[in-house]
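Some notes on the structure that comes next.
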Amino acid sequence: MNESRQAQILAGQSSIAQKVFGYVPIQASWSARDIHSAVLAANATGASTYAIRRALGELKDAGLIREPVGGKFQRDAATPKPKKEQVMTQAAKQTVVAINKSESGALDVLAALSGEVISLSDEVSQRMKKLAARIEEVALSVEAEREGNAEAVGKLKQLQSLLKSL
17 MNESRQAQIL AGQSSIAQKV FGYVPIQASW SARDIHSAVL AANATGASTY
67 AIRRALGELK DAGLIREPVG GKFQRDAATP KPKKEQVMTQ AAKQTVVAIN
117 KSESGALDVL AALSGEVISL SDEVSQRMKK LAARIEEVAL SVEAEREGNA
167 EAVGKLKQLQ SLLKSL
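Take 17 as the starting number for the sequence shown in the numbering used here and just add one per residue.
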């Protein structure tokens, strides 16, 4: 898989999966616990082991990582995409020269405005992605807490039934 395809697939993953992907080794295969420890050691996220396992499952399903041995995950190295040179034809060069001076002033203003719009949209996009990542992390931590509460409720019910039987 080449770098651009890998980046494209990774962009469609959850923010936790994107963070975990960087800690999946290329040359060795690590368990989910090892990857979770590496992520926590780097302070990349404070997600639970369950969230890390789910992210690893998402990455595996997307084809970004593989599981060579049961429970051990490994990333394949991305192949760099060869760059092609752009060839500008003579007709395109002549078209550029054909624009007269009066139009070029208006075109410069339009190009500047276009650049401002693009930079503004990039900035808004980055802020939205950061906000979405924060929301997703909070949602994952709430879900992990809920799972822990469900386990505690199960144990409490078991204890109640045990106490009733006494």
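Virtual Cβ for every residue (Gly too), placed ideally from N, Cα, C.
Q: Check Thr7 in the structure and name its three-state DSSP category.
A: No statement about residue 7 is possible, as the shown extent of the chain runs from 17 to 182 and does not include it.
Q.
Under DSSP, the beta strand (DSSP E) around Ile51 begins and ends at which residues?
A. No beta strand (DSSP E) holds Ile51; the alpha helix (DSSP H) holding it covers 48–57.
**Q.** Nearest candidate by alpha-carbon position, reference Ile42, set Gly131, Leu178, Gln90, Thr95
**A.** Gln90
(Q) For a test of the three-state rule: what should DSSP assign to Gln174, helix, strand or coil? (A) helix
Q: Please report the Cβ distance between Gln22 and Ala94, rounded to the nearest whole angstrom; I am assuming they are in contact, meaning their Cβ atoms lie under 8 Å.
A: 5 Å
Q. Do three or more CB pairs link the stretch 78–92 to the stretch 35–51 at distances below 8 Å?
A. yes
**Q.** Run of the beta strand (DSSP E) containing Val85, from where it starts to where it stops
**A.** 81–85
Q | Beta-carbon proximity check, Gly79 vs Ile25, cutoff 8 Å | A | yes
Q. Could you give the residue range of the alpha helix (DSSP H) that holds Gln29?
A. Premise fails: Gln29 is in no alpha helix (DSSP H) and is neither H nor E.
(Q) Looking at the secondary structure, which residues open and close the beta strand (DSSP E) in which Gln43 lies? (A) It is not in any beta strand (DSSP E) - Gln43 carries neither H nor E in the DSSP assignment.
Q. Across which residues does DSSP place Arg91 in a beta bridge pair?
A. Ile81
Q. How would you call Lys35, buried or exposed, if buried means at least 16 neighbouring beta carbons within 10 angstroms?
A. buried
**Q.** DSSP bridge partner residues for Asn165 (one or two, in chain order)
**A.** Looking at the DSSP assignment, Asn165 forms no beta bridge with any residue, so it has no partner.
(Q) Applying the 10 Å Cβ sphere with the 16-neighbour rule, what's the burial state of Ser135? (A) exposed
Q. Candidates Val154, Ala127, Asp138, Ser130: which alpha carbon is nearest Thr61's?
A. Val154
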